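Participant: Line order of the protein sequences matches chains A and W.
The first sequence begins at 1 in the numbering used here and counts up one residue at a time.
The second sequence begins at 1 in the numbering used here and counts up one residue at a time.
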Amino acid sequence: NAGVTQTPKFRVLKTGQSMTLLCAQDMNHEYMYWYRQDPGMGLRLIHYSVGEGTTAKGEVPDGYNVSRLKKQNFLLGLESAAPSQTSVYFCASSAMGPYGYTFGSGTRLTVV
Amino acid sequence: AQRVTQPEKLLSVFKGAPVELKCNYSYSGSPELFWYVQYSRQRLQLLLRHISRESIKGFTADLNKGETSFHLKKPFAQEEDSAMYYCALISRLGGSQGNLIFGKGTKLSVKP
Numbered sequence: 001n002a003g004v005t006q007t008p009k010f011r012v013l014k015t016g017q018s019m020t021l022l023c024a025q026d027m028n029h030e031y032m033y034w035y036r037q038d039p040g041m042g043l044r045l046i047h048y049s050v051g052e053g054t055t056a057k058g059e060v061p062d063g064y065n066v067s068r069l070k071k072q073n074f075l076l077g078l079e080s081a082a083p084s085q086t087s088v089y090f091c092a093s094s095a096m097g098p099y100g101y102t103f104g105s106g107t108r109l110t111v112v
Numbered sequence: 001a002q003r004v005t006q007p008e009k010l011l012s013v014f015k016g017a018p019v020e021l022k023c024n025y026s027y028s029g030s031p032e033l034f035w036y037v038q039y040s041r042q043r044l045q046l047l048l049r050h051i052s053r054e055s056i057k058g059f060t061a062d063l064n065k066g067e068t069s070f071h072l073k074k075p076f077a078q079e080e081d082s083a084m085y086y087c088a089l090i091s092r093l094g095g096s097q098g099n100l101i102f103g104k105g106t107k108l109s110v111k112p
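Structure (structure tokens):
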């Protein structure tokens, strides 16, 4: 039982490059979330989804896009990476909305 | 505004000493609060939720609406308690089911 799996675990991008982060969960959870974690800032919500085919903006959505074409997958895209997007990205899923998140292990992204 | 404040970035105590990790919140209505913990090289995981009034790993947290606080306490700290601790609040904006907003976190270091 893998839980929440994030790929890749590490990535270095050049400014202007694009990439997609994948979050996959095998718990049949309806809710999925993308957060970014920055030193001194805690975790901030980027986008979230309340079910297959739905997405919504969180606190810091600019520069990111998401898709939830399949229930088990939640993709986070960076169309044109900027150094300000250097961060650790965490995906989480939940069966009960905000009442119990299961987190992935994170993706450390550096934009140079 | 809905907000979670953890005033201490770092808290250092000796083994066996009492621990109190502070969390204050700003919320209109009945708040729902949680503590999450991230041990070194591990995933974020739920430690406890205020509604269940449970004690996990010797930690407790009481919601004080008068002081708008949800401090995390443990009477005798252990070295294995060293970790990053995040206080979180369910934010319900626009009538949504709600998402978690996190404080900036407090790093607890328990010295032998």
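Beta carbons: idealized from backbone N, C-alpha and C, even for Gly.
Note that the structure is predicted; figures quoted are calculated from it, not measured.
1) Under three-state DSSP, which class holds S49 (chain A)?
2) Helix, strand or coil: how does DSSP classify Y33 (chain A) here?
3) Would you call the stretch 54-74 of chain W in contact with the stretch 11-24 of chain W, where contact means no fewer than 3 C-beta pairs closer than 8 Å?
4) Any C-beta of chain A within less than 7 Å: which residues of the stretch 78-92 of chain W qualify?
5) Go ahead and pull the three-state DSSP assignment for Q85 (chain A).
6) Can we say the stretch 17-33 of chain A touches the stretch 8-18 of chain W, given the rule of at least three CB pairs closer than 8 Å?
7) Measuring only between beta-carbons, confirm whether Y64 (chain A) sits less than 9 Å from chain W.
8) Would you mind working out which of A:F90, A:Y99, A:G100 and A:Y31 sits nearest F10 (chain A), comparing C-alpha positions?
9) In its own chain, which residues sit with a C-beta less than 8 Å from the C-beta of L45 (chain A), not counting the 5 before and 5 after it?
10) Please name the residues in the stretch 48-75 of chain A whose beta-carbon is closer than 9 Å to at least one beta-carbon of chain W, in chain order.
11) Output the boundary residues of the beta strand (DSSP E) element that contains M19 (chain A).
12) Please report the distance separating the alpha-carbon of L109 (chain A) from that of N99 (chain W).
13) On the three-state DSSP scale, how would you describe S40 (chain W)?
14) In chain W, what lies closer than 7 Å to M41 (chain A) by C-beta?
15) Taking 9 Å as the CB-CB cut-off, is A92 (chain A) touching chain W?
16) Kindly list the residues whose CB is nearer than 7 Å to the CB of L46 (chain W), restricted to its own chain and excluding five residues on each side of it in sequence; keep chain order.
Facilitator: In short, the structure shows the following:
1) strand
2) strand
3) yes
4) Y86 and I90
5) helix
6) no
7) no
8) A:F90
9) Y33, W34, Y35, G58, E59 and V60
10) Y48, V50, A56, G58 and E59
11) M19 to Q25
12) 24 Å
13) coil
14) K104
15) yes
16) F34 and Y36
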